[in-house]
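Residue numbers (full-length UniProt numbering): 1 to 321.
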Amino acid sequence: MPWLTQLADVARATGFPVTEVGEWKTRGHGPQPSVQGVVCHHTAGWNDRNVVVHGRPGLDGPLSHIWLQHTGRIWVVAAGRCWHNAPSTSGHHTNSASIGIEAENDGHTPWPQVQLDAYEALCAELCREFGLPASRVRAHREVNKAKPDPHSINMTTFRAHVAQQITSPGTPIEQQEDDVPEVTSLGAGQDQDVPAGGELAVRWHTEYADDPPAHNEDGVAVMAKASRWCIVDGLVKVRGLKPGTEIDVAWSRYSRDGKEFEDDAWRLSFRADANGRVEQNIAGQFGLNTKNQLRLRIINPTDAAAVVEKVSMAKISMFSR
């Protein structure tokens, strides 16, 4: 079988957003010998597309043909053979005989409904493209007994949904009302200074929403109307750092009145490039309730002041879970 250069078109048939990772059409450990099955994984981490593309110590990438982001966006990684399942207990699901999908999840966090819907739709379209029955869609744990992934997904139900969509593509999966999120999109709007050895709670000057405001009058805090499961995604750009130094970006929970810091629900470290810049997509998942407010903090432990650029933005989706 040749390189699977049709994968992006197959992914777009799902109706979910698709991104083609650079040079994916020639990426792989040689061409894909055959497609007899699909193997479903979770990545055991977050923001880990780079690992799927380039591999990790002791195992060269690509590690899967597709990386499925928690937002439901499908990233097409490779058109050739990938190291995603070995040893396999099924001849239909070896590296040489199957397509691997790595879904972004730490192995514990509940799956967002939008990601599950994209997962099922993608498997259905792959089955349609390669003439496979839904029974050929298998969890990693089903074809490699040493593996636990993808966690908590009932594969019998999952395959039933896939079979339904193979027959009737685009058939919506019934969702509960509580699965529909409240979505708030925010923009910084203005450059903001982060002092050396200090921090900044990003002030949101712009809100892209049908029914504002979802953030507080101070422009900093995001509020929940009730207990919510938050999925955050965004772009942060910082300049003015010394090359190679590190800053932290954190989604932090405070008391409702903003006077007491509670914890960092999600915190990541980023290293400045050769131009003293950090430009990173950030994502995370955690709970928020009516006793909390949420802030995006930039923590700068370095001896150089920095600037959070006005183009920084964030999207917060809150589910009733």
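Every residue gets a Cβ at the ideal spot worked out from N, C-alpha and C, and that includes glycine.
Predicted, not measured: the structure shown is a model, and the values here were computed from it.
- By alpha-carbon distance to Lys-225, the top candidate from Lys-147, Leu-235, Glu-262, Leu-294 is Leu-294.
- When rounded, the separation of the alpha-carbon atoms in Arg-128 and Val-77 is 20 Å.
- For the pair Gln-115 and Ala-103, the CB atoms are nearer than the 8 Å cut-off.
- Annotation: the continuous alpha helix (DSSP H) that includes Asp-117 extends over 113-130.
- Burial check for Val-311: the Cβ neighbour count within 10 Å stays below 16, so the residue is exposed.
- For Val-53, the enclosing alpha helix (DSSP H) covers residues 49-54.
- Minimum Cα-Cα distance from Ser-96 among the listed residues Thr-109, Leu-63, Asn-105 corresponds to Leu-63.
- When DSSP states are grouped into helix, strand and coil, His-41 belongs to the strand group.
- By DSSP's assignment, Ser-98 forms a beta bridge with Gly-37.
- In this structure, the CA atom of Val-194 is about 17 Å from the CA atom of His-205.
- Distance from the CA of Gly-55 to the CA of Lys-259, rounded to the nearest whole angstrom, comes to 43 Å.
- In this structure, DSSP gives Gln-69 a state outside helix and strand, which the three-state scheme calls coil.
- Note: Val-311 is not bridge-paired with any residue in the DSSP secondary-structure output.
- DSSP, read as helix, strand or coil, puts Gln-6 in coil.
- If you check the CB distance, His-151 and His-29 do not come in under 8 Å.
- In this structure the region 140-155 does not lie against the region 15-31, because fewer than three pairs of beta carbons, one per stretch, are closer than 8 Å.
- A buried status is given to Asn-105, since no fewer than 16 other beta-carbon atoms sit within 10 Å of its beta-carbon.
- According to DSSP, residue pairing for Ile-299 in a beta bridge involves Glu-199, Asp-248.
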